[in-house]
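Protein sequences, first through last, are from chains E and P. Read left to right, the first sequence gives residues 2 to 490 (the working numbering). Read left to right, the second sequence gives residues 2 to 490 (the working numbering). Heads up: the structure comes next, in structure tokens.
2 protein chains.
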Amino acid sequence: MAEKITPRSQDFSQWYQDIVLQAKLADYSPVKGCMVIRPNGYSIWEAIQRDLDRRIKETGVRNAYFPLFIPESFLKKEAEHVEGFAPECAVVTHAGGKKLEEALVVRPTSETIINSMFAKWVQSYRDLPLLINQWANLVRWEMRTRLFLRTTEFLWQEGHTCHATPEEAEQETRLMLQVYKDFSEEVLAMPVIAGLKTDSEKFAGALRTYCIEAMMQDKKALQAGTSHNLASNFAKAFDTKFLDSDGKQKLVHQTSWGVSTRLIGGMIMTHSDDKGLVLPPRLASTHVAIVPIMAKAETKAQVLEAADKLAAAIREKGAVSGLPYTVSVSVDKDETKQPGWKFFEYEMLGIPVRIEVGPRDLEKGQVVMTRRDIGTKEFVPLADAPARVCAMLSSMQKDLLEKARAHRNANTFRVENYEEFKEKIEGGGFFIAPFCPDKEVEAKVKEETKATVRCLPLGDDFLPIPESGPCMVTGRKGNNVRAIFARSY
Amino acid sequence: MAEKITPRSQDFSQWYQDIVLQAKLADYSPVKGCMVIRPNGYSIWEAIQRDLDRRIKETGVRNAYFPLFIPESFLKKEAEHVEGFAPECAVVTHAGGKKLEEALVVRPTSETIINSMFAKWVQSYRDLPLLINQWANLVRWEMRTRLFLRTTEFLWQEGHTCHATPEEAEQETRLMLQVYKDFSEEVLAMPVIAGLKTDSEKFAGALRTYCIEAMMQDKKALQAGTSHNLASNFAKAFDTKFLDSDGKQKLVHQTSWGVSTRLIGGMIMTHSDDKGLVLPPRLASTHVAIVPIMAKAETKAQVLEAADKLAAAIREKGAVSGLPYTVSVSVDKDETKQPGWKFFEYEMLGIPVRIEVGPRDLEKGQVVMTRRDIGTKEFVPLADAPARVCAMLSSMQKDLLEKARAHRNANTFRVENYEEFKEKIEGGGFFIAPFCPDKEVEAKVKEETKATVRCLPLGDDFLPIPESGPCMVTGRKGNNVRAIFARSY
Chain E
2 MAEKITPRSQ DFSQWYQDIV LQAKLADYSP VKGCMVIRPN GYSIWEAIQR DLDRRIKETG
62 VRNAYFPLFI PESFLKKEAE HVEGFAPECA VVTHAGGKKL EEALVVRPTS ETIINSMFAK
122 WVQSYRDLPL LINQWANLVR WEMRTRLFLR TTEFLWQEGH TCHATPEEAE QETRLMLQVY
182 KDFSEEVLAM PVIAGLKTDS EKFAGALRTY CIEAMMQDKK ALQAGTSHNL ASNFAKAFDT
242 KFLDSDGKQK LVHQTSWGVS TRLIGGMIMT HSDDKGLVLP PRLASTHVAI VPIMAKAETK
302 AQVLEAADKL AAAIREKGAV SGLPYTVSVS VDKDETKQPG WKFFEYEMLG IPVRIEVGPR
362 DLEKGQVVMT RRDIGTKEFV PLADAPARVC AMLSSMQKDL LEKARAHRNA NTFRVENYEE
422 FKEKIEGGGF FIAPFCPDKE VEAKVKEETK ATVRCLPLGD DFLPIPESGP CMVTGRKGNN
482 VRAIFARSY
Chain P
2 MAEKITPRSQ DFSQWYQDIV LQAKLADYSP VKGCMVIRPN GYSIWEAIQR DLDRRIKETG
62 VRNAYFPLFI PESFLKKEAE HVEGFAPECA VVTHAGGKKL EEALVVRPTS ETIINSMFAK
122 WVQSYRDLPL LINQWANLVR WEMRTRLFLR TTEFLWQEGH TCHATPEEAE QETRLMLQVY
182 KDFSEEVLAM PVIAGLKTDS EKFAGALRTY CIEAMMQDKK ALQAGTSHNL ASNFAKAFDT
242 KFLDSDGKQK LVHQTSWGVS TRLIGGMIMT HSDDKGLVLP PRLASTHVAI VPIMAKAETK
302 AQVLEAADKL AAAIREKGAV SGLPYTVSVS VDKDETKQPG WKFFEYEMLG IPVRIEVGPR
362 DLEKGQVVMT RRDIGTKEFV PLADAPARVC AMLSSMQKDL LEKARAHRNA NTFRVENYEE
422 FKEKIEGGGF FIAPFCPDKE VEAKVKEETK ATVRCLPLGD DFLPIPESGP CMVTGRKGNN
482 VRAIFARSY
């Protein structure tokens, strides 16, 4: 029997850890800060990869693979970049039994090593745009780690592109931000706000960083993905040039963008409850668990037969239902465990739909279906069950997104006044305020409230939304923008 | 225009490198011994992953992910293991700006770190068998590297399983060997001999190692995959025990098995020719390239329309052809390049089928089709072209395997006499001989001939085939087995 999960109301952070460990999504490893992703968690990553990889490829990007190791000197070629990443690096100093002439950094991100190759591959404007992505592991030495959310090693995809003009690079940066937003909402059922990072929060080496920000159930923000316009910063450092159609040598304009296994943590903190994991159907590897009630010997065979038939009928219906995944159904024939135990277990594991097939219900020609997120039992005629399951899966996916959106909207507040903000931030949530972007002011807010500017939300023209009112913090007027302040993961 | 490829007859090793670089499959990186896998090469790896991952999962194995870093002390827990791997390790000594208390090894293989987790997860016989696989990068510091075949960092999958009995572990080891053999032959079209490694060639820490061995076009052997029965060697070192149904604590019995990006190198050296890459259709990301002949302005529109229609018809036919992949068709509308240039390019890239659509052929209601491996032109009525393409792809896959098998069989020789062997080995090939497995004898053969025992081929009962004749090298009689000697990669 599973251990008890700490309720969210009691200790959100402990609740999160309980879910991750008890649903066997991940485990602590003997290597400080590194996690082990267990099969139940890795299958979620596989579903993320499958869907996102398709979306990325549909934009014309191709996958490749670059070395894990980066010569230390490469990292130093871009001044802001090394300043940002050097403190987090793991360094290989010895290999093959000898001290290396030059130490190798385990990639914390790959702009530098990739530019060393791009500089060789890009010769002419005909080679552009160059659109590359890689799925890889990377290492950032973190002091305080948390399963999925912040680990020393994590898995991600990192896109890296080269373009002939600044406009194309900006367009690509925004395109991938949109891909991430659509993916988060359609697949993870996690609503996000797309925005621009302030200078103090942007990627080390970028001209500008766009991001998507989600609100967790504890009303804290989670950065769920970033897309960077790198301008020619790395191209300058690595001399990544092309011969343009006008006969001139020019630096390429670049982008990079990534999401990571952190998404799994965000998805858990968006949907799960005190009973365990709640998984959007698009991420589930088993969608339906059928539990045959086998207590009575005389009806057992009949119940098992009905369960198997139902499973087949659901699979068949699923294949023509238009759902964007193969509906996977399991029939739990384990007789060493009681149905009640199984129900708890499936709730813990986040199986979207549970169906009980018992002798009494069968007599009435019905089964009992339970949707994991809402938990209400529904008696469904056997013949209607396959169609009902598909409809349930479809509405569950939509409802999870809407519920999360409603939660976020209900906890997003407009503030104009710093004193009011300081008081309200204690209750959590997103705070929209006029702001004059300034590093020192941001630092002051962070120190006094532990909140940061999560992003400057984008308007329809993809620019931060302007605000005419005085800056919430400084009272300055003019050139203010709308900012979202929140405490974050 | 591509550079010239060195002919195989002139310099096989240079030919191989030319193919890899010119077909843009991989490139040298600035990090010693590490390669960059370019999109053309990575798409082959994706095809390998897709197919093999399905086969592995069909046996009940689930994917997971374990840390990149292994504490140095873990590696030392299994004596043979550390002896085998320590000289090849890359070591992280500093991280987060500080010297680490214990150095971390970048995984050269994951038996140790995985056992540290298995020891925690496995409690009861009910937890067995535990069947886990991971797709990952790993690092072995190699002195002499070659793109795909031997690189400091490479990509692979490594399966790790725990069982209650020695019999089950042995069964799993052989099952995965069979999965690899089927995969190599059905997908890579690369025939392999399954066999047992001698003690001097087995995995450091294994009870026994099975392998699959392929013959390259230069008649050298390539080890294409290994499956190890680890017995309880790592279980002892990590105390990986379970409570059996008889109430006793017992050590688990384990296996591990892996194939890597090396398979891509083996596939290239099996099928490719002096014109470039030859790719089995099951590994191709583009199966058919249609080249419209657009030289004449008055027929251009008509030719392009016919090409597009043909592409659509092939895709449609492909979907119902029973081929185990989606037939991907491209129409090359680039007017800056001549058809002749395109033909050379597609030959270099290994596109399985090329179709020319020209105005004169269209008048006759036909197109010209060329299968990459055999290169003969075939005039096909337009209406028959979709079905013909599918048939061509299907027979190309089969023919590549048969051709490679015929090459291997023609270059596999029976020898009984060491003097004869020493003479014939200079011409390359596999040599089957009676042998008394003995480390010192193997070392002598290697020193005198540069050949090694590739494997002891398995009989129907999965045991090495016995030989009654005297050992080829020592003349010893009794307890001899059949061995395959060859020079290898």
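Cβ atoms here follow ideal geometry from the backbone N, Cα and C, with glycine treated the same way.
Report task. Reducing DSSP to helix, strand and coil, say where E/Phe436 ends up. Result -> strand
Per DSSP, the bridge partner or partners of E/Arg488 = E/Arg488 pairs with nothing; no bridge assigned.
**Prompt:** Which two residues bound the contiguous beta strand (DSSP E) that contains P/Gln124?
**Reply:** Annotation for P/Gln124: no beta strand (DSSP E) segment contains it, and DSSP assigns it neither H nor E.
What residues in the segment 58-91 of chain P have a beta carbon less than 8 Å from any beta carbon of chain E?
Arg63, Asn64, Ala65, Tyr66, Phe67, Pro68, Leu69, Phe70, Ile71, Pro72, Phe75, Ala87, Pro88, Glu89, Cys90, Ala91
Using a Cβ-Cβ distance under 8 Å, would E/Tyr43 count as near chain P?
yes
Subject >> Closest residue to E/Phe486 among E/Gln18, E/Gly428, E/Gly277, E/Arg477 (Cα-Cα distance) >> reply: E/Gly428
Chain E contact residues for P/Asn116, given Cβ-Cβ distances below 8 Å
Per Cβ cutoff of 8 Å: no residues; P/Asn116 is ~11 Å from chain E at best.
Would P/Arg39 count as contacting chain E if we go by Cβ distances under 8 Å?
-> yes
Below 8 Å on the Cβ atoms is my guess for E/Thr152 versus E/Gly34; work out the distance and round it to an integer in Å.
6 Å
Practice prompt. Note down the Cα distance separating P/Cys90 from E/Ile265, rounded to an integer number of angstroms.
Written response: 32 Å
How about the segment 380-398 of chain P and the segment 406-414 of chain P: do they share at least three Cβ pairs that are nearer than 8 Å? no
**Those residues which DSSP pairs with P/Val467 across a bridge** = Here residue 467 of chain P is Pro; the residue named in the question, Val, does not match the sequence. For P/Pro467, which the question treats as bridged, DSSP gives the partners P/Val482.
Handout entry: Where P/Ile375 falls, given that 16 or more other Cβ within 10 Å makes a residue buried
Key = exposed
Assign E/Gly226 to buried or exposed, taking buried as 16 or more other Cβ atoms, counted over all protein chains shown, within 10 Å of its Cβ. buried
Indicate the three-state DSSP secondary structure (helix, strand or coil) for P/Val446 in the structure shown.
-> In this structure, P/Val446 counts as helix in the three-state DSSP scheme.
C-alpha gap between E/Glu348 and E/Gln172, whole angstroms: 43 Å
*asked:* Short of 8 Å in beta carbon distance, which residues of its chain neighbour E/Lys318, apart from the five on each side in sequence? Order them along the chain.
replied: Val328, Pro387, Ala388, Val390, Cys391
DSSP-derived helix/strand/coil call for E/Asn410 = Helix, per DSSP.
- Task: Kindly indicate which three-state DSSP category E/Lys451 falls into: helix, strand or coil?
- Result: coil
*Which chain E residues sit within Cβ distance under 9 Å of P/Trp342?*
None at all; the shortest Cβ gap to chain E is about 14 Å.
Quiz item: In chain order, which alpha helix (DSSP H) runs of at least 4 residues are fully inside the segment 351-390 of chain P?
Solution: 360-364
Checklist line | Rounded Cβ spacing between E/Gly206 and E/Glu79 (contact assumed at less than 8 Å) | finding: 5 Å
**Asked** Near E/Trp16, which residues of its chain fall below 6 Å by C-beta distance, leaving aside the five closest residues on each side in sequence?
**Response** Thr7, Arg9
**Asked** Is E/Trp70 helix, strand or coil by DSSP?
**Response** Per the sequence shown, residue 70 of chain E should be read as Phe rather than Trp. Strand, per DSSP.
| E/Thr287 touches chain P at which residues, Cβ-Cβ below 9 Å? | In chain order: nothing, as chain P lies at least about 12 Å away.
Assign E/Asn480 to buried or exposed, taking buried as 16 or more other Cβ atoms, counted over all protein chains shown, within 10 Å of its Cβ. Around the CB of E/Asn480, fewer than 16 other CB atoms lie within 10 Å, so the residue is classed as exposed.
Exercise. Using 8 Å as the Cβ pair cut-off and three pairs as the minimum, do the segment 346-363 of chain E and the segment 154-173 of chain E touch?
Worked result: Contact between the segment 346-363 of chain E and the segment 154-173 of chain E is absent, because fewer than three Cβ pairs lie under 8 Å.
Margin query: I need the boundaries of the beta strand (DSSP E) containing P/Ser228, first residue and last residue.
Written below: 222-232
State the start and end residues of the unbroken beta strand (DSSP E) segment that holds E/Lys318.
-> Careful: E/Lys318 lies outside any beta strand (DSSP E), inside the alpha helix (DSSP H) at 298-320.
Residues of chain P with CB under 8 Å from E/Val107, in chain order? Contact of E/Val107 with chain P by beta-carbon distance below 8 Å involves Leu69, Val93, Val107.
Could you have a look at P/Asp19 and say whether DSSP puts it in helix, strand or coil?
Reduced to three states, the DSSP call for P/Asp19 is helix.
Check: DSSP state of P/Gln11, grouped into three classes?
Finding: Note: P/Gln11 maps to coil in three-state DSSP.
- Query: If we ignore side chains and look at the alpha-carbon of each, how far apart do P/Asn116 and P/Asp128 end up?
  - Reply: Roughly 14 Å between the two C-alpha positions.
>> If I follow the unbroken beta strand (DSSP E) through P/Glu159, where does it start and stop?
In response: 154-164
Check the DSSP bridge columns for P/Glu214 and list the partner residues they point to.
P/Ile194, P/Gln224
#### Entry: E/Trp258 - partner residues in DSSP beta bridges
E/Gly160, E/Ser228
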